[in-house]
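Take a look at the structure below.
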Amino acid sequence: MQTTMAGFLLLLLAINSIMIIKLSDMNRTDIIKHLRNMAFGVAGIIVPEMIILLTKNRQIAYYAFTFYYIAFAWYAMMIFRFSVSYSGYKLFKVYKSPLFWIVAIESAALIWGMFSESFFTITHYKWYDHIYWISRGFSILYAYAIVSGISLVGAVAVLIIAASQSARIFRLKYSGIAIILAVMAASCVASQIKHQPILVQVICFAFCEMVIVYMAVYYAPRKLNQRAMKFVADKLNDGIVLYDDEHQLQFVSTGYSDAVGLKGMQGIGNEETYWKKVISEANVGNAWNGRVMSVDRDDGTYYYEIQHMALDEDGKLIGTVYWIRNVTESIKNYGEMVRRANFDELTGIYNEAHFHEMARKLLEEHPDTDFVMTCSSVEKFRVFKELFGQEKYDDYLIRTAESLKTGLVHIPNCVYGRIGEADFYIMMPKESFDPQQLLDAIDEVAKSYSTNNFNLIVKAGVYEITEPLQDMLAICNKASMACDTIKGDYGTRIMWFDESIQKESMLRERYNAELSKAIEHGEIQIYLQPQVDNAGKVIGAEALARWVHREDGLIPPAHFIPFFEMNGRITELDICIWRQACEKLKEWKEKGRDDLHISVNISARDLYALDIYEHHVSLVKEYGIDARNLKLEITESAIINDLKQHVHLVEKLQAAGFEVEMDDFGSAYSSFNMLKDICVDVLKIDMKFLGDTENEARSHAILKSIVDLSGELNMKTIAEGVETEEQLEFLKGVGCDIYQGYYFSKPMSVADFEAKYL
Ligand code: C2E
Ligand code: CA
Ligand code: CA
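For what it's worth, this note's numbering labels the leading residue of the sequence shown as 29, then goes sequentially.
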């Protein structure tokens, strides 16, 4: 029996040793160190007991008992230290070293007493039919027992205090160990009182030690982990669902039903069936992990990202976690961000950057397809905006975008976008491109915005992309250049890009770069075209700009004026022309020829860029000339832009002594209608608007009624573009007042004019 028991103790010793090794491997916290020391203590108790069990020799047994008592004392001290450390009571640290010294002295005393047998004696004792060595202590041993007893009871007390003061989830952590210690203490007392062999006590100690280690190292922290996990999982608005290895539901966070909104939690009990359904509903295929699924709820579409994590330990599945995150907000924000970055706010179609990107992608994906780029642009969109207001203008843009969306939806490999203020670009395969269809589509929208006063005209430029590798901006520019060349050109609606357009465009760029210097160096000059009265007498001239370019020679205004009108630099040029006209008038005045006037052109752009009234009043003042001699030509279209404002301006100019002429009268608007609102001094009618030879009778009728009407409204008429004698005779016949045209003279340099007419 003794041998069997010794064998059993050996087994406990082996387990204890494994524990020591494991504990030594762990993170060396104070608690782990104490636990390991305790395990050493237990080994120190088991070994002497094994010897006691096996030996027949009384002397050896006695020595073994001595070491047993010593080990027990140290063990009890270690338990106390562990409890203090485990409970986190720093206060008890002060008792640590006195206790150490007491136990050390005790140990020394026991060793000294070992030879004289002064502390206890040992005898044979029969217990359950077997003979064991037991010890009987003398009264001096009680001092020893008290110290160990205090250690144990103190340890229990510390833990009970800790348990009573800590949060509920930590109570078991302390009280569990306190109970075990109490059991150990009780086993000591029992074995002393009942005079049993120490075997029971040793086995009890070894077991208790194991339980303490388990509680301290595994059980309590795991409990905490679980609680913390649940706490965190519930705090998150996400859904967290845990299944065990059998696919049975183990845990569902409270956020789950809220997050997923899928009819509460029914049905999620079995992992396999439930998630199969979710995944098939989400329609995300096999690669669904980490993907976003959408769920349509009454209050909108929600997006969830599902993470699926298999929990394994040493390669074996122990459970599965599904983590469902509600990412609706971020998806929507992201979508909004993408939309803003890529789409035009107003029309919802691609913006410039995204259009370029998508067009580039298309070219790269279809290297064997020929593509065309078209640009459609509203002519005089500022006038349109001015005339109808921002809202109507926006409305036009939106409707155009809508018509692109519906019109182009069936064309494969087609992209379109809005670029700049009023330009729409479309890129599509050449084979799908039908110019007429494009024009019809443009017209359909444009028509509904045209009124009696304004024709919304949209022009298109087309570039066949012959070099797909060039920059997308360059490709778009070519379409745009082609479009620009036909702006202001009444007949042409669509233009294909060719090299000459590119050249012209480059030329314009060059002129643009050179304008300031040209003005500074006197390259911008006035040419004068005489104006003749009914008696054939030259009464003045119109000042027309010419660029006397130092390399290119004489450049007619058609090559630069429309472009400067478009980019706004016309004002710079006009100011220079006005000054030259004033300079001349001043000279003529000094020569006694203040009967001659000069008419200057005021562009629509000038009306917005300058205070025309202030400017001209101070101009005539500066040159000391009579306002009457500087006549101001404003085109009909410029005036109608902002009729109210301009009526006021005209009245002010007239009050300051200027004569205002309405240039190109009859060219674009329902001119007669406007005359009821504005009272200019002169109507200037261009023959080219009426010089329709096929319909001469009609032209004549219109001319006649203009002249008649102007007479009734107290306005004079100038006919410009008079080329033939017949024209002149007719105009004279209907009562026109002044004439200008090649019939009399082409515009000529100032020197020529002066030589001829002064
Ligand atoms: P506009 O103001 O209507 O000027 C009359 C244009 O008709 C001038 O062309 C003139 O040379 C031309 N012309 C005159 N008589 C005849 C004729 O019998 N037959 C034909 N076919 N044409 C005739 P130009 O000088 O080329 O000017 C063209 C346009 O450029 C002008 O039209 C005006 O709108 C603009 N422009 C010219 N100079 C200036 C300027 O200094 N400032 C502004 N803002 N625009 C200017
Ligand atoms: Ca003019
Ligand atoms: Ca004119």
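Even for Gly, the Cβ is constructed at its ideal location relative to N, Cα and C.
Remember, predicted model here, so these are calculated numbers, not experimental data.
CB contact flag (residue i, residue j, <8 Å)
i       : j       : result
Val-241 : Leu-37  : no
His-674 : Leu-647 : no
Asp-266 : Arg-353 : yes
Gly-694 : Ile-713 : yes
Arg-621 : Leu-786 : yes
Ile-377 : Arg-446 : yes
Gln-768 : Gln-559 : yes
Met-523 : Gly-489 : yes
Phe-409 : Ala-450 : yes
Ala-195 : Ala-206 : no
Asn-1   : Thr-402 : Outside the shown range of the chain (29 to 786) lies residue 1, about which nothing can therefore be said.
Ala-183 : Ser-113 : no
Asp-709 : Lys-744 : yes
Phe-93  : Ile-48  : no
Met-500 : Gln-530 : no
Val-762 : Lys-732 : yes
Ile-130 : Val-75  : no
Glu-60  : Met-54  : Sequence inspection shows Ile at residue 60; the Glu mentioned does not correspond to that position. Going by C-beta atoms, Ile-60 is nearer than 8 Å to Met-54.
Assumed close pair residue i, residue j - CB separation to whole angstroms, cut-off 8 Å
i       : j       : result
Ala-67  : Leu-41  : Actually they do not touch by this definition, with Cβ atoms about 10 Å apart.
Ile-626 : Ala-571 : 5 Å
Ile-605 : Glu-689 : Going by Cβ atoms, the distance from Ile-605 to Glu-689 rounds to 15 Å, so no, they are not a contact pair.
Val-269 : Val-280 : 5 Å
Phe-148 : Leu-169 : 5 Å
Leu-209 : Ile-107 : 6 Å
Ala-683 : Val-645 : Actually they do not touch by this definition, with Cβ atoms about 10 Å apart.
Ile-554 : Leu-624 : The pair is not a contact, with the Cβ atoms about 14 Å apart (cut-off 8 Å).
Tyr-172 : Glu-134 : 6 Å
Tyr-444 : Leu-432 : 5 Å
Under the three-state DSSP convention, the category residue i falls into
i       : result
Phe-233 : helix
Ile-485 : coil
Lys-712 : strand
Tyr-785 : helix
Val-323 : strand
Gln-224 : coil
Ile-346 : strand
Val-411 : helix
His-336 : strand
Pro-457 : strand
Asp-372 : coil
Cys-604 : helix
Asp-451 : strand
Thr-149 : strand
Gly-35  : helix
Gly-769 : coil
Asn-314 : At Asn-314 the pLDDT is 46, less than 50, meaning the model places this residue with poor confidence; the figure from the coordinates comes in the next sentence. Asn-314: coil per DSSP, three-state reduction.
Ile-43  : helix
Tyr-651 : helix
Glu-134 : helix
Ser-476 : coil
Lys-744 : strand
Val-645 : helix
Gln-498 : coil
Gly-292 : Interpretation of Gly-292 is limited by its pLDDT of 47, a score under 50 that renders its predicted location unreliable; no figure is taken from the coordinates.
Val-566 : strand
Asp-561 : strand
Ile-706 : coil
Ile-439 : coil
Residues sharing a beta bridge with residue i, DSSP
i       : result
Val-688 : Leu-660
Ile-552 : Trp-575
Arg-621 : The partner list for Arg-621 (beta bridge, DSSP) is empty, contrary to what the question assumes.
Gly-363 : DSSP, once it has assigned bridges, lists no residue as partnering Gly-363.
Cys-403 : Tyr-453, Gly-489
Chain D within 8 Å of residue i, Cβ atoms only
i       : result
Ala-137 : No chain D is part of this structure, which consists of one protein chain only.
Any non-hydrogen atom of ligand 5 within 7 Å of residue i CB
i       : result
Asp-691 : Within the structure as shown, ligand 5 is missing, the only ligands being ligand 1, ligand 2 and ligand 3.
Exercise. Looking at C-beta atoms only, is the number of pairs between the segment 416-431 and the segment 522-535 that lie closer than 8 Å three or more?
Worked result: no
Problem set entry | Segment contact, 8 Å Cβ cut-off, at least three pairs: the segment 605-621 with the segment 579-597 | no
Exercise. Is the segment 379-396 in contact with the segment 462-472, if contact means three or more CB pairs nearer than 8 Å?
Worked result: no
Problem set entry | Any 3 or more C-beta pairs closer than 8 Å across the segment 47-65 and the segment 101-115 | yes
For this session: Please confirm if the segment 210-217 is in contact with the segment 230-240, defined as three or more CB-CB distances below 8 Å between the two stretches.
Result: yes
For this session: May I ask you to verify whether the segment 149-163 touches the segment 214-228, counting CB pairs closer than 8 Å and requiring at least 3?
Result: yes
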